[in-house]
Amino acid sequence: MILDKKSPLLSFVALSLILPALLCGCDSYVAAYAPPVTAYMEETLPQTETAAETEPPLTTVKGVVRAMTAETASVFTDNGKIELTLSDPAVTAPGYGPMYGAEATLRYDNEGKLVSAAIAGVEYGDKAYALLKAMTAEEKAGQLIMASPGLSSVPEALKSCPMGGIVTFASDFKYGTKDSVRALIDSAQAASKIPLIISADEEGGTVCRVSYYKAYRSDYFRSPRTVLANGGLDGAKADAKEKAELLLSLGVNVNLAPVCDISADKNDFIYDRSPGGDAETVSGYVSAVVETSRGAGLGSVLKHFPGYGSAKDTHFGIAYDDRPIERFRESDFLPFAAGIKSGAGAVMYTHIIINSIDPDYPATLSKEAHRLLREELGFDGLAMTDDMNMGAITKFTDGRSAAVAAILAGNDMLAISGDYMTA
0 MILDKKSPLL SFVALSLILP ALLCGCDSYV AAYAPPVTAY MEETLPQTET
50 AAETEPPLTT VKGVVRAMTA ETASVFTDNG KIELTLSDPA VTAPGYGPMY
100 GAEATLRYDN EGKLVSAAIA GVEYGDKAYA LLKAMTAEEK AGQLIMASPG
150 LSSVPEALKS CPMGGIVTFA SDFKYGTKDS VRALIDSAQA ASKIPLIISA
200 DEEGGTVCRV SYYKAYRSDY FRSPRTVLAN GGLDGAKADA KEKAELLLSL
250 GVNVNLAPVC DISADKNDFI YDRSPGGDAE TVSGYVSAVV ETSRGAGLGS
300 VLKHFPGYGS AKDTHFGIAY DDRPIERFRE SDFLPFAAGI KSGAGAVMYT
350 HIIINSIDPD YPATLSKEAH RLLREELGFD GLAMTDDMNM GAITKFTDGR
400 SAAVAAILAG NDMLAISGDY MTA
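Printed below as a string of structure tokens:
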């Protein structure tokens, strides 16, 4: 019973009405003088909502954006992939739109209808968006290009093309010293409004842009296969650490390595550059190199996706691969997956035409090849081309349309050793 403290007479009046009935058990007295019990309860007890009036709880699903187009975002959850239409009023995203790696929180009602989908911003996205808004169209276009004007020519080249990165070659190191190369790279960075990616191919073995010259190291780095054979994974880590120290000391911040291609046949073009003949060996090497390089502060590029296999050299002409897609999923993709898991920030595509993936285009220009990397392997970093001046591309199509096709396919950067101004 709830008593009103502001009305002290209430308890006395109620008691005077009910007590006689309790003492004599007179039903008629109760009927005549006592208020109905239900009425009294309605007036004095707090009302509660009925089950029908309570809204059912929403089901919350969390995931991560792993693929996107101008109209949609693919959210990967523990239970699979969910496609969101960005124009749906229930979907909210940062001003710059969804980005790879962004967290998403989806809520559904008891009928399975999407009530809300909130896509979070990401720190690098916020910074990049602010920078992007301040850039001109020419600056935006330039950021798509990794050119090779020669280190001494970079400051002048930046005046006509504000490129996003530089690919160095042996000629940049052949006649220099550690100090002179560092001075050239520092000058290039000082001339660029936005920090440049300065890259080099220092795989070891047949591809050593820097260590081939004694001004930088007493002996060149050995091939990945040789490093593994002599020192195992510990040897691979030590090798990667020394490479990182050398490159960073010169101002090179990205190594266009490791090679992730599997090759067991000595007749394969890629054999001498491949770490090994099976997925397990190559995956172990790739993980060791990426983790060590990342720990030292050097960026890594996994190459050549989706896998080179036994195809011929793409530097001089079009190459084909007839292996079924299952072979790639069971083998070739695994070293790339290992590198992605270890934190590699970029993946380079091969120019090979892989018939089971896309019989009409080289992987570099194939939207399906890019879908595989983004959706099946879950890669959210930078996708880039191999040199667009290689024969497999120049003989497939002319330079201008190839550059446009590469961007439309999904590449974030184009490596161009030739005329980048007309690409």
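In numbering that gives the first Met the number 0, the protein residues as written are 0 to 422.
Even for Gly, the Cβ is constructed at its ideal location relative to N, Cα and C.
Residue i to residue j span [Cα, whole Å]
i, j, result
"E122", "I197", "23 Å"
"A310", "L105", "44 Å"
"A404", "G164", "20 Å"
"A190", "D171", "18 Å"
"Y107", "G204", "56 Å"
"K177", "A140", "32 Å"
"L44", "T58", "Unreliable placement is indicated for L44, whose pLDDT of 47 sits below 50; the coordinate value is still reported in the next sentence. The alpha-carbon atoms of L44 and T58 are separated by roughly 34 Å."
"D200", "P358", "29 Å"
"A69", "A116", "17 Å"
"Y270", "A263", "7 Å"
"A391", "F332", "22 Å"
"G283", "Y211", "26 Å"
"R373", "Q188", "31 Å"
"A103", "V63", "6 Å"
"V114", "G94", "21 Å"
"A239", "V90", "44 Å"
"V258", "K112", "46 Å"
"A318", "I353", "9 Å"
"S152", "Y219", "27 Å"
"G338", "E82", "27 Å"
"D267", "N388", "22 Å"
"D385", "A414", "6 Å"
"D125", "P334", "31 Å"
"T313", "M412", "19 Å"
"E329", "I351", "19 Å"
"G120", "K213", "47 Å"
"K173", "R208", "9 Å"
Neighbour-count burial assignment, residue i, 16 or more Cβ in a 10 Å radius
i, result
"N109", "exposed"
"P56", "exposed"
"A236", "As written in the sequence, residue 236 is Lys, which differs from the Ala given in the question. Result: buried."
"K302", "buried"
"L407", "exposed"
"T291", "buried"
"T363", "buried"
"M136", "It is worth fixing the name first, because residue 136 is Ala in this sequence and not Met. Counting Cβ neighbours within 10 Å, A136 comes out exposed, since fewer than 16 surround it."
"E410", "The sequence given here places Asn at residue 410; Glu does not occur at that position. Under this definition N410 is a buried residue."
"E325", "exposed"
"M420", "exposed"
"E202", "buried"
"A382", "buried"
"G250", "buried"
"T167", "buried"
"A127", "exposed"
"S217", "exposed"
"L131", "exposed"
"A133", "exposed"
Residue i - DSSP class collapsed to helix/strand/coil
i, result
"R326", "helix"
"N388", "coil"
"G79", "strand"
"Y270", "helix"
"E122", "helix"
"T58", "strand"
"S292", "helix"
"L85", "coil"
"A413", "A small fix is needed here, since residue 413 is Leu in this sequence, not Ala. Three-state result, L413: strand."
"A404", "helix"
"V300", "strand"
"I351", "coil"
"T225", "helix"
"E102", "strand"
"T176", "coil"
"E374", "helix"
"Y128", "helix"
"A20", "Note that A20 scores a pLDDT of 38, beneath 50, so its modelled location is shaky and nothing firm can be said."
Nearest candidate by alpha-carbon position, reference residue i, set the options
i, options, result
"D77", "V60, T68 and E70", "V60"
"C160", "L195, S179 and K177", "L195"
"R181", "S248, Y270, G234 and F220", "S248"
"D379", "H369, M387 and N388", "H369"
"I193", "K158, R216, R293 and Y348", "K158"
"A101", "M67, T84 and D87", "M67"
"R224", "P274, G306, I415 and S186", "P274"
"Y348", "G124, Y174, L85 and D260", "D260"
"K340", "E329, V289, D321 and I356", "V289"
"S286", "D185, L232 and G149", "L232"
"A401", "G377, L371 and P361", "P361"
"L85", "E329, E367 and T71", "T71"
"Y215", "S179, F304 and G234", "S179"
Is the number of C-beta pairs between the region 222-232 and the region 241-251 that are closer than 8 Å three or more?
The answer is no - the region 241-251 does not touch the region 222-232, with fewer than three Cβ pairs under 8 Å.
Below 8 Å, can you find three or more Cβ-Cβ pairs linking the region 248-258 to the region 289-300?
Between the region 248-258 and the region 289-300 there are three or more inter-stretch CB-CB distances shorter than 8 Å, so the stretches are counted as touching.
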